[in-house]
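Chemist:
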Amino acid sequence: MTLKTTLDTILAEGVARGQAPGVVALVADRDGLRYEGAAGERQLGSGVAMTPDTVLWIASMTKAITSVAAVQCVERGLLDLDAPAARVVPAIGELGVLTGFDAEGRPTTRPPRRPITLRHLLSHSSGCSYEIWNPDMQKVQAALDIPGVIGCQLKALTLPLVADPGERWEYGVGIDWAGRMVEAVSGLPLGEFMRQNLWEPLGMASTGFRIMPDMRQRLAGVHLRGEDGAFAPFPFEIAQEPEFHMGGGGLYSTMGDYARFMRMVLNLGQLDGERVLRPETVTTHLSLNQIGNARVSLLKAAIPLTADAEFFPGIAKRWSLAFQINEQPAPTGRPAGSLSWAGLANSFFWIDPHTGIAGLLATQTFPFADARVMELLYRFEKGVYDTLG
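Once you know that position 151 of the sequence shown is 174 in this note's numbering, the rest is easy, because the numbers rise by one and skip nothing.
#1: Sort out for me which residues DSSP pairs E98 with in a bridge.
#2: Would you list the residues sitting across from H147 in a DSSP beta bridge?
#3: Roughly how many angstroms separate the alpha carbons of G214 and A82, rounded to a whole number?
#4: Check the C-beta distance from T85 over to G244 and give it rounded, since I have them as a contact under 8 Å.
#5: Are the CB atoms of R248 and T388 nearer to each other than 9 Å?
#6: Taking 6 Å as the limit between beta carbons, can you name the residues of its chain near A324, skipping five residues before and five after?
#7: Considering just the uninterrupted stretch of the beta strand (DSSP E) at D52, what are its terminal residues?
#8: Is the beta carbon of G45 less than 9 Å from the beta carbon of L67?
#9: Going by the DSSP bridge assignment, what does W156 pair with across the sheet?
#10: Select from M24, E333, G128 the residue whose C-alpha is nearest the C-alpha of F391.
#11: If distances are taken between C-alpha atoms only, which option among C175, N369, A353 comes closest to L362?
#12: Compute the distance between the beta-carbons of S343 and T277, then report whether it is under 9 Å.
#13: Does S320 pass the burial test, meaning 16 or more other C-beta atoms within 10 Å, or should it be called exposed?
#14: My understanding is that R191 touches S152, with C-beta atoms under 8 Å, so please give their C-beta distance in whole angstroms.
#15: What three-state label does DSSP hand F284 in the structure shown?
#16: Between L79, P358, L144, D76, which lies nearest to D105 when the distance is taken from Cα to Cα?
#17: To the nearest angstrom, report how far apart E266 and D409 are at their CA atoms.
#18: Hey, L399 and I33: beta-carbon distance below 9 Å or not?
#19: Can the beta-carbon of G279 be found closer than 9 Å to that of E127?
#20: So E404 and G379 are in contact, right, with Cβ under 8 Å, and what is the actual spacing, rounded?
#21: Is the distance from the Cβ of L26 to the Cβ of R57 below 9 Å?
#22: Closer than 7 Å by C-beta to P256: which residues in its own chain qualify, once you throw out the five before and the five after it? Chain order, please.
#23: Tell me, please, which residues DSSP counts as bridged to F15.
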């Protein structure tokens with residue numbers, strides 16, 4: 024069977040089995056797209072088909088783009104990976120490490136043993152956390168009236184650390200702080216910096232923090248799987264008048280646009296003659312472990328919008344300055360040393376420098392890491408490697 028026949032069948036069967044109401048997926052190599060397909064509906068019951076040019080909330084797939092923007096600033100001498108981040112954004116120097124809660128339920132903290140650096144932020148070793156995987160952060164939010172980061176309010180970034188910088192991998196708002204650093208040294212809103220330095224050079228015309236009118240016409244709705252296993256529409260949209268551009272998860276995009284970003288990585292920092300990173304930056308900062316002996320660990324669900332989340336349990340995983348790195352081959356056929364991550368509404372990508380391909384599968388569904396969506400993802404990825412050999 025051809026790649027198109029194999030993958031079209033997997034997507035159609037996934038929708039028919041109720042794994043997602045709609046799905047879009049693609050496979051790319053250094054030269055272009057090898058496959059592009061979709062199945063199901065943009066909004067359940069709408070009759071409007073999911074198509075490859077559908078606009079999706081890409082959530083934490085935003086992180087890799089923000090990380091590349093920060094690394095561009097490092098290349099230009101505007102940022103230093105290992106200097107205290109507080110020199111650029113003083114507010115980050117005010118974050119203490121959570122030690123517990125007092126009798127009134129208010130958090131107690133101590134100063135961190137070392138300053139947070141940009142390297143810590145980009146590699147998720149700063150000690151920053153998320154309330155959706157950490158119940159202590161929910162207690163802090165309740166005690167200090169701190170909103171969730173999804174509302175794009177600056178106060179959301181004032182959560183205390185859960186570990187000393189450089190001690191362990193911990194997933195959280197660190198990339199949002201990195202985005203604030205890019206804004207501070209460039210003098211531009213994060214989205215404008217990305218537009219000038221990434222989206223326009225790479226030809227990513229349907230990507231942004233703001234959903235422009237032409238993007239809204241192609242926007243997919245978000246869905247939540249109920250206890251009965253069925254999906255229902257779940258009204259959800261990132262703030263369109265935010266206090267800050269959420270570098271950790273605020274972007275909307277098409278999968279074709281994101282494929283151009285992935286192909287830039289496969290091509291060591293350039294695409295179609297437009298260079299946005301030096302080759303050595305991609306082979307070191309973006310592709311090599313930056314967290315020492317620490318490991319990427321299970322994200323234990325603390326709210327119903329996510330299940331427990333870990334890719335390929337039992338396989339050691341590290342983090343570069345932009346991506347998760349699997350240190351052993353995955354059962355899908357993905358080689359060791361590949362780069363990957365995901366978005367909260369069940370969108371997933373991987374970049375495989377070894378074989379020179381990249382893949383992406385995206386839905387707009389909660390909960391994240393839903394077992395049936397993960398089954399579809401792994402079947403798709405295995406179909407890619409089995410067919411391409």
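Glycine is no exception: its CB is placed at the ideal position from the N, C-alpha and C atoms.
Modeler: Based on what the coordinates show:
#1: Its beta-bridge partners do not exist; DSSP assigns none.
#2: Answer by DSSP bridge pairing: none, since H147 is not bridged.
#3: 15 Å
#4: T85 to G244, Cβ: 19 Å. No contact.
#5: yes
#6: A330, D331
#7: 45-52
#8: yes
#9: DSSP output for W156 lists no bridge partner at all.
#10: E333
#11: A353
#12: no
#13: exposed
#14: Going by Cβ atoms, the distance from R191 to S152 rounds to 11 Å, so no, they are not a contact pair.
#15: helix
#16: L144
#17: 46 Å
#18: yes
#19: no
#20: Not quite, the Cβ-Cβ distance comes to about 16 Å (not below 8 Å), so this is no contact.
#21: yes
#22: Q66, L67, G244, H246
#23: Given a span of 24 to 412 for the chain in the structure shown, any question on residue 15 remains unanswerable.
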